[in-house]
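For reference, the structure is listed below as structure tokens.
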Amino acid sequence: MSKVPADLKYTKSHEWVRALADGTVEVGITDHAQHALGDLVFVEVPEAGRAVKAGEPCAVVESVKAASDVYAPLAGEVTGGNGRLGGEPQVVNSDPYGEGWLMRLKPVAGALSGAALLTAAEYQRVLEAEGG
Amino acid sequence: MGRRTALFKLHQELGARMVDFGGWDMPVQYSSQIGEHHAVRRAAGVFDVSHMCIVDLKGAKVRALLEQLLANDVTKLKTPGGALYSCMLNERGGVIDDLIVYYLAESSFRAVVNASTRDKDLLWIRRHAAPLGVEVAERTDLAMLAIQGPEARAKAAQLLEGPGAAAALALGAFTARGLDGWFVARTGYTGEDGFEMMMPAADAVPAWRRLNSLGVASCGLGARDTLRLEAGMNLYGNDMDETTHPFESGLAWTVALEPRERAFIGREALGAIVRAGLARQLVGLVLEGRGVLRSHQRVLLPGGGEGEITSGTFSPTLERSIALARLPAGGVDAVQVDIRGKLLAARVVKPPFVRFGKSLIG
């Protein structure tokens, strides 16, 4: 069974969002997503300063099998990517909600409250509907 | 729901992730694809390859049939137990499938063809077998396990025990023999030593469990793909198909143009292709930096001209990305690959990339 921490928000495309104290958000892929992808061998994160729209592909995670886009869960400006993943992409597999975060965003005004993000319970139902 | 092998329930019990492969529900990985890959390079792994299609060919004119159907020359097989890798071509020289044929007895051969091409292969073989009176029987009653890795033969000997073990250990590379209702071949698709074993379906689960208990890792088709690509072995449908011929697929070594009087299907077309000069070649690529080469990515040559990656992956042994690519003919040392709009440098090499656990890439 995939882990779905209660204190995070989620998207249907299997990203998670953590609100940080400084008003930015941290974004990663869920435990379900890392498990479905398998061993990650390459991660490409966006550069600081890039403006992204909600739903825009902004990072790539590649397992041995395939490449997958990661979508911005909300509109904002990238404040930084997780540089550690360049040399250690497998951290996304071992710690998807912690050390394996992908990027930090400064949401545009109102984006966090306005974005159609899912609660943990809602995301759990998405997984159940997918048979996961 | 796809077709299931005799091992389907065991795969589920072992926690495999199942995927559709050529119409079959097959295990792509159990725990870690990279871990399974390393198990085969460093120790031993077992694969369920029962989806592959085993076809027995029997009749006085079976050699005549194979001389006609195969681009490689079956007369190279002089001793029962010999195995031969070959393409089966259409009249245009395109590859219908690649296969291994085993010489069992003078009027009896066994072919193993790909699962994804089963239907068309059987139609094609039967069409040419009928006028020669050769009987074509698909052996759906058999399961097939591949046991591969530096420790594979020792583990297989423990599985077989007694006289069977001695007989299996005595097999030379690319030879096979029957053993108490099983058929054991020293062949594989990983670039490591090992066996492919065909057995009655009921024997497959106990054999697999015994191998696990001997420390042989359960391995899925994901690891099988990275292993075969490191070994520079083609995958039908990716690296060659009916629109490509063996000479542009790295398979010239499997085409026997001598003796000239052997009239195999596709021979005339191949002759014309060679006379006209080869337009394309299949090469190996090693990505210089980070990223992963994938099939269908565009390859740009320094002097202009383009090719395409036919199979690409991350190589767990080399810890960098490798690929097979079809390029315009001619010498080329370095290319660029278009990965999501970025042009990344790759080196051109001659496959294989890895053999018997060792990197062949300088």
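First to last, the protein sequences are chains U and C. Numbering follows this note's numbering, in which position 59 of the first sequence is assigned residue number 94; successive positions increment by one, without gaps. Numbering follows this note's numbering, in which position 94 of the second sequence is assigned residue number 99; successive positions increment by one, without gaps. Even for Gly, the Cβ is constructed at its ideal location relative to N, Cα and C.
Measuring alpha carbon to alpha carbon, tell me which of the options ends up nearest residue i.
| i | options | result |
| --- | --- | --- |
| C:E2 | C:D53, C:G99 and C:L70 | Look at the range of chain C in this structure, 6 to 367, and you will see that residue 2 of chain C is not part of it. |
| U:L75 | C:E324, C:V279, C:F188 and C:I105 | C:E324 |
| U:V143 | U:A41, U:A156, U:S48 and U:A110 | U:A110 |
| C:A350 | C:L232, C:A209, C:A328 and C:A173 | C:A328 |
| U:A146 | U:A164, U:S129, U:I64 and U:A54 | U:A54 |
| C:F179 | C:A170, C:V189, C:I101 and C:A171 | C:V189 |
| C:G236 | C:V279, C:A65 and C:R360 | Here the sequence assigns Ala to residue 236 of chain C, which means Gly is not the residue at that position. With distances taken between Cα atoms, C:A236 lies closest to C:R360. |
| C:D103 | C:G64, C:L256 and C:A65 | C:L256 |
| U:D66 | U:L152, U:L140, U:W136 and U:A83 | U:W136 |
| C:L89 | C:A261, C:A173, C:E273 and C:R229 | C:A261 |
| C:L240 | C:S316, C:G220 and C:G183 | C:S316 |
| C:S55 | C:G86, C:A11, C:K63 and C:D61 | C:A11 |
| C:Y194 | C:D208, C:D53 and C:A175 | C:D53 |
| C:N243 | C:A21, C:N77, C:M204 and C:I314 | C:I314 |
| U:A86 | U:Q159, U:M138 and U:L152 | U:M138 |
| U:D28 | U:H49, U:G122 and U:A41 | No answer is possible for residue 28 of chain U: it lies beyond the span of chain U, which begins at 36 and ends at 167. |
| C:A49 | C:V291, C:D30, C:Q153 and C:K14 | C:Q153 |
| C:D30 | C:D61, C:R97 and C:A120 | C:A120 |
| C:T145 | C:V354, C:G183, C:L184 and C:P205 | C:P205 |
| C:R215 | C:A175, C:K160 and C:I344 | C:K160 |
| C:G20 | C:F26, C:R8 and C:V33 | C:V33 |
| C:P264 | C:F13, C:T80 and C:S36 | C:T80 |
| C:L365 | C:V291, C:P333, C:Q341 and C:V210 | C:V291 |
| C:R46 | C:P211, C:E143, C:A212 and C:E197 | C:E197 |
| C:A334 | C:R352, C:F200, C:A172 and C:E253 | C:E253 |
| C:G276 | C:A76, C:G28 and C:L62 | C:A76 |
| U:A68 | U:V96, U:P81, U:E61 and U:K88 | U:V96 |
| C:R115 | C:V139, C:L15, C:G362 and C:A135 | C:V139 |
| C:G367 | C:E293, C:L226 and C:G7 | C:E293 |
Is DSSP giving residue i helix, strand or coil here?
| i | result |
| --- | --- |
| U:V105 | strand |
| C:L176 | coil |
| U:Q125 | coil |
| U:T154 | coil |
| C:E253 | helix |
| C:D230 | helix |
| U:K143 | Residue 143 of chain U is actually Val in this sequence, not Lys. Coil. |
| C:D358 | The question names Asp, but residue 358 of chain C is Phe in the sequence shown. Residue state, collapsed to three classes: coil. |
| C:P264 | coil |
| C:R9 | coil |
| U:K38 | coil |
| C:P155 | coil |
| C:D103 | strand |
| C:L184 | strand |
| C:I366 | coil |
| C:G199 | strand |
| C:W29 | strand |
| C:R22 | strand |
| C:P168 | helix |
| C:A351 | strand |
| C:W213 | helix |
| U:H58 | Note on identity: in this sequence residue 58 of chain U is Gly, with His being the wrong assignment. U:G58 falls in the coil class under three-state DSSP. |
| C:I39 | helix |
| U:S48 | coil |
| C:R285 | strand |
Just checking my contact of residue i with residue j at CB under 8 angstroms: how many whole Å lie between their CB atoms?
| i | j | result |
| --- | --- | --- |
| C:E18 | C:C224 | The pair is not a contact, with the Cβ atoms about 16 angstroms apart (cut-off 8 angstroms). |
| C:P321 | C:T231 | 6 angstroms |
| C:E72 | C:R267 | 6 angstroms |
| U:L120 | U:V126 | 6 angstroms |
| U:V99 | C:T318 | 6 angstroms |
| C:A330 | C:G312 | 5 angstroms |
| C:M57 | C:V117 | 5 angstroms |
| U:Y106 | U:P92 | 6 angstroms |
| U:L72 | U:A155 | The pair is not a contact, with the Cβ atoms about 21 angstroms apart (cut-off 8 angstroms). |
| C:I368 | C:M203 | Past the edges of chain C, shown from 6 to 367, lies residue 368 of chain C, and the structure says nothing about it. |
| U:L140 | U:T59 | 6 angstroms |
| C:E96 | C:G271 | 6 angstroms |
Would you say residue i reaches chain D, if we count a Cβ-Cβ gap shorter than 9 angstroms as a contact?
| i | result |
| --- | --- |
| U:A101 | No chain D is present in this structure, whose protein chains are U and C. |
When you measure from the CB of residue i to every non-hydrogen atom of the ligand GDP, does any distance come out below 8 angstroms?
| i | result |
| --- | --- |
| C:T195 | In the structure shown, the ligand GDP is absent, as is every other ligand, since no ligand is present at all. |
Chain U contacts from the region 28-48 of chain C (Cβ-Cβ distance under 7 angstroms): Flagged, chain order: Q34, S37, Q38 and I39.
Members of the region 280-300 of chain C near chain U, C-beta cut-off 9 angstroms: R295, G296, V297 and R299
Cβ-based contacts, 7 angstroms cut-off: residues of the region 52-81 of chain U near chain C: G73, D74, V76 and F77
Interfacial residues, the region 225-247 of chain C to chain U, with Cβ spacing under 8 angstroms: Only G227 and T231 from the region 225-247 of chain C bring a Cβ to less than 8 angstroms from some Cβ of chain U.
Within 8 angstroms of chain C by C-beta, residues of the region 116-143 of chain U in sequence order: G121
Interface residues of the region 306-320 of chain C facing chain U [CB-CB below 7 angstroms]: If the cut-off is 7 angstroms between Cβ atoms, the region 306-320 of chain C has T318 and F319 near chain U.
Ordered list of beta strand (DSSP E) runs contained in the region 44-91 of chain C, each at least 3 residues: 50-53 and 58-63
Near-chain C residues of the region 83-114 of chain U - C-beta to any C-beta below 9 angstroms: V95, E97, S98, V99, K100, A101 and A102
In chain order, each alpha helix (DSSP H) run of at least 4 residues that lies wholly inside the region 60-119 of chain U: You should have 66-72.
Every unbroken alpha helix (DSSP H) within the region 115-149 of chain C, with a cutoff of 4 residues, ordered by chain: 123-134
Entirely enclosed beta strand (DSSP E) segments - the region 309-335 of chain C, minimum 3 residues: 311-320 and 325-333
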